Amino acid sequence: MFPERDTEPGDIYIEAVDKLIVKKLREITFVYATEIFGIIYSSKTGNTILKWRQLKNKNGKVIGEASLSALANLMASGVLTKHWCEHYMKSQKQDEELVKWDIKKK
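Positions in the sequence shown are counted from 1; adding 2 to them yields our numbering.
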């Protein structure tokens with residue numbers, strides 16, 4: 003079962019072969035979906051816009067931009083591992099330091 007919301011900003015959309023509406027509560031619609039091949043999510047603030055696409059079986063790839071809050075929520079829910087987040091944060095810090103170094107050099 004998955005939540006969907008079609009109000010912008012903050013929409014969530016499930017792309018699936020088959021969807022059945024289970025229940026609607028305010029702006030959230032709960033759907034039972036089979037053979038999911040994509041999920042599109044944008045936060046109400048607009049700081050996070052993510053698109054997941056199925057690659058093989060239940061594995062997929064996420065593209066987009068995520069806020070630190072969204073990354074923390076994904077880690078807390080088990081979608082992302084602590085190791086991945088630490089590696090990502092280190093790489094972002096290195097990129098930031100390279101930009102600072104390049105600016106000072108000029």
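Ideal placement from N, C-alpha and C gives every residue a C-beta, glycine not left out.
Small disclaimer: the values here were computed from a predicted structure and weren't measured.
Suppose the cutoff is 7 Å on Cβ atoms and the five residues either side in sequence are ignored; what does the same chain contact list for Gly66 look like? Residues Ile51, Leu52 and Lys53 of the same chain have their beta carbon placed closer than 7 Å to that of Gly66, with the five preceding and five following residues left out of the count.
So what does Gly40 bridge to, in DSSP terms? Partner residues in the beta bridge of Gly40, as assigned by DSSP, are Glu17 and Arg55.
Would you decide whether Tyr34 is buried or exposed? Buried here means 16 or more other CB atoms lie within 10 Å of its CB. When all chains shown are included, Tyr34 counts as exposed.
Residues bridged to Glu67 [DSSP beta-bridge criterion]: As a beta-bridge residue in DSSP terms, Glu67 pairs with Ile51.
Got a sec? Which residues, its chain only, sit under 8 Å from Thr9 by beta carbon, not counting five neighbours each side? Glu29
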